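Here is the structure we will look at, set down as C-alpha cells.
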Amino acid sequence: MKILLTSIVCASSLLAHFQTVMTDRSVIEQGSSPKVAVQYEFTHPFEQNSMNMEKPKEAGVFTEGKKTSLLPSFQEVKKGAITSWKSEYTIKGPSVYQFYVDPIPYFEPAEEKFIRHQTKTIVDAFGSGEGWDKPIGLKAEIVPLSRPYSLYAGNLFSGQVLYKGKPVANAEVEVEFYNTKGLKAPNEMYVTQVYKADKNGVFYVALPQEGWWGFAALMDDDEKIKKEGKSYPVELGAVLWLKTEAMK
Amino acid sequence: MLRISLLSVLLFSSVWAHKINLFAYDEAGQLYVQSYFTQSSPCKQCVVKLLDANQKELLVFNTDDEGKASVKLPSAEFTIIVEAGMGHQTQTNYVAQSHTKEEAKTLPSDTPWDKMLLGLAIIVFFFGALYWTKRKPSHA
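Protein chains in written order, with numbering that gives the first Met the number 0: chain A, 0 to 247; chain B, 0 to 139.
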C-alpha cells in the first residue's frame, strides 16, 4: 500500500502545472476582425487535465508601454466542475500586444508551497513588427529572442529568463506542448521537457509540433505567503505561450 | 573592399526589411490609411491608390511624413494600393464600415420615425392637458 501511494505521488509530481494565456490568433491582419478572444486556464497542458482557476488579481494587455486591465471583460467558463476564464479585446491599431495574467497563487498541499505563474502571450497587429522582445515588467518574465508569432513547427525558439528585470543564470525551464491532438508520450519523462538556461538566462528549445507551446521558468520567490498561521514558500513562474504553424 | 562589402550587406538587409504594411479603417465616412515598414518606420510620402472593382482609379493621394493619410470614402468597397517605389507595394480589398451608414443618414427619402413619434406625443400631451384644464371648472 505504501509503495502504491509513493508511486502515485511520484507520478503526479511529474505533471507540471502551467498557467495559460492563449489568443484565438497571434497575428492580426488587415481585413480580419480586430476582436481578439483570450482564454486563461490552469492546467497540465500535455495531459489536458485542468484545475480550477480563481479570477486573477491582475490580467490585461500591454502595448505602447502601457498596461490596460482586461478584468472588467472577464467571463467565467465552466467545464464540469472546472473553472477557467475568458476575455475579449479590440485591437486599436498597428502594434504588438502582450496579453498577460498574474493569477491568485495556488496552494499545492503535496509540495507545501504556493504556485504563482506570471504568464503572457504575444500578438502582432497589422505587421507592427516591434516590441515583441520587450519585457512588460512582470516580476518573473520570459522575453523571447525569437519572434514568437511567426515560428514554424520544427523551428528553434530562444528566450531569456528575467527575475525583477535581471537575467536568471542557469534557470530551469520546463516546456510542454498543449496537447489537443491526443499525442502519447513514450513515458512520463517526455510529458514535461526540461532545459537549462546559460549564465545570461538564455535558453534554446526546438518545437517539433504545430500548436501551442508553453515555457515555464520556475524560481523561488523572495516572498512567502501565510496560510493558517504558517508561512509557505512561493514557486514563481515566468511563463510564455506561443503557437507554431505547420509549413504547408 | 571592406567598405563595399559592408555597404552591400547594409543594402541587402534594408531590402529584406522593406515589407510594406498597411492599416486602414474608416469612421463617419472618412477613410484613414497608415502605411509603414515597421511601426517606427513610416512609409513617408508614399502613393496611395484607391481602385474600384474594374481597376479604375477612384482616388490617388500621398501619405504624410508619418505614413498617414485621410480621405473621404469614395465608395463602399474598393482596393487600396500603397506604393513605396522600387517595386515595393502592398494592397488590400477594403469594405467600408461607415460608408453605407453615412449614406443612409443623409438620404432625403429617409423617414425620421423617432422625431415623428415625439411630435405626435407632444401634440397628444398638449391637447390632453387643454382638455383637462377646460373640463375641471365644470365639475366645480
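A virtual CB, placed ideally from N, CA and C, is assigned to each residue, including glycine.
From a predicted model like this one, the values you see are computed outputs, not experimental measurements.
CB contact below 7 Å: residue i versus chain A
i	result
Trp-15(B)	Residue placement at Trp-15(B) cannot be trusted, given a pLDDT of 44 that sits under 50; the coordinates are not used to answer.
Phe-77(B)	no
Ser-39(B)	yes
Leu-21(B)	yes
Thr-62(B)	no
Thr-132(B)	no
Contacts around residue i, its chain only, beta-carbon distance under 6 Å, and the 5 residues preceding and following it disregarded
i	result
Gln-18(A)	Phe-41, Pro-102, His-116, Thr-118, Val-238
Thr-62(A)	Ser-94, Tyr-96
Glu-53(A)	Ile-103
Ala-83(B)	Ile-19, Cys-42, Cys-45
His-16(A)	Ile-114
Residue environment, residue i, which counts as buried when at least 16 other CB atoms sit within 10 Å
i	result
Phe-125(B)	exposed
Asp-25(B)	buried
Asp-63(B)	exposed
Ala-205(A)	exposed
Thr-89(A)	exposed
Gly-79(A)	exposed
Gly-66(B)	buried
Leu-155(A)	exposed
Met-188(A)	exposed
Tyr-177(A)	buried
Thr-22(A)	buried
Asn-20(B)	buried
Glu-76(B)	exposed
Leu-69(A)	buried
Trp-131(B)	exposed
Gln-29(A)	buried
Leu-30(B)	buried
Three-state class that DSSP yields for residue i in the structure shown
i	result
Met-218(A)	strand
Ala-128(B)	helix
Gly-118(B)	helix
Lys-229(A)	strand
Val-123(B)	helix
Leu-50(B)	strand
Lys-163(A)	coil
Leu-182(A)	coil
Glu-56(B)	strand
Leu-21(B)	strand
Glu-187(A)	helix
Lys-223(A)	strand
Cβ shell of residue i (< 7 Å), same chain only, five flanking positions each side left out
i	result
Glu-111(A)	Tyr-231
Arg-146(A)	Trp-131
Lys-34(A)	Glu-87, Thr-89
Opposing strand residues paired with residue i [DSSP bridges]
i	result
Arg-115(A)	Leu-235(A)
Trp-84(A)	Tyr-39(A), Glu-75(A)
Leu-271(A)	In the structure as shown, chain A begins at 0 and stops at 247. Residue 271(A) is therefore absent and cannot be evaluated.
Met-21(A)	Gln-38(A)
Gln-192(A)	Val-174(A)
Trp-211(A)	Lys-242(A)
Gln-97(A)	Phe-61(A), Ile-121(A)
Ala-68(B)	Val-32(B)
Leu-155(A)	Ala-205(A)
Pro-44(A)	In DSSP, Pro-44(A) forms no bridge with anything.
Gln-88(B)	Glu-82(B)
Glu-26(B)	Gln-29(B)
Ser-68(A)	Gly-59(A)
Ile-50(A)	Correcting the residue type first, residue 50(A) is Met in the shown sequence and not Ile. According to DSSP, which records beta bridges pairwise, Met-50(A) is partnered with Phe-41(A).
Ser-40(B)	Thr-37(B)
Pro-143(A)	Gly-158(A)
Beta-carbon contacts of residue i that lie in its chain and below 8 Å, excluding the five residues immediately before and after
i	result
Met-0(B)	Low per-residue confidence applies at Met-0(B): pLDDT is 39, beneath 50, and the placement is therefore not dependable enough to give any value.
Tyr-148(A)	Ser-25, Val-26, Ile-121, Val-122, Asp-123, Trp-131, Leu-241, Lys-242
Ala-168(A)	Ala-196, Asp-197, Lys-198, Asn-199, Gly-200
Ser-49(A)	Glu-40, Phe-41, Thr-42, His-43, Lys-78, Ile-81, Ser-83
Pro-134(A)	Glu-140, Val-142, Leu-161, Gly-164
Lys-223(A)	Ser-230, Tyr-231, Pro-232, Val-233
Met-246(A)	Tyr-151, Ala-152, Gly-153
Cutoff 7 Å: residue i Cβ touching any chain B Cβ
i	result
Ser-127(A)	yes
Gln-97(A)	no
Gly-236(A)	no
Gly-64(A)	no
Gly-158(A)	no
Ala-74(A)	Looking at the sequence provided, one finds Gln at residue 74(A) rather than Ala. No, Gln-74(A) does not count as interfacial toward chain B.
Gln-47(A)	no
Pro-147(A)	no
Gln-29(A)	yes
Pro-93(A)	yes
Ala-10(A)	Low confidence applies here, because Ala-10(A) scores a pLDDT of 41, under 50, leaving its location unreliable and the question unanswered by this model.
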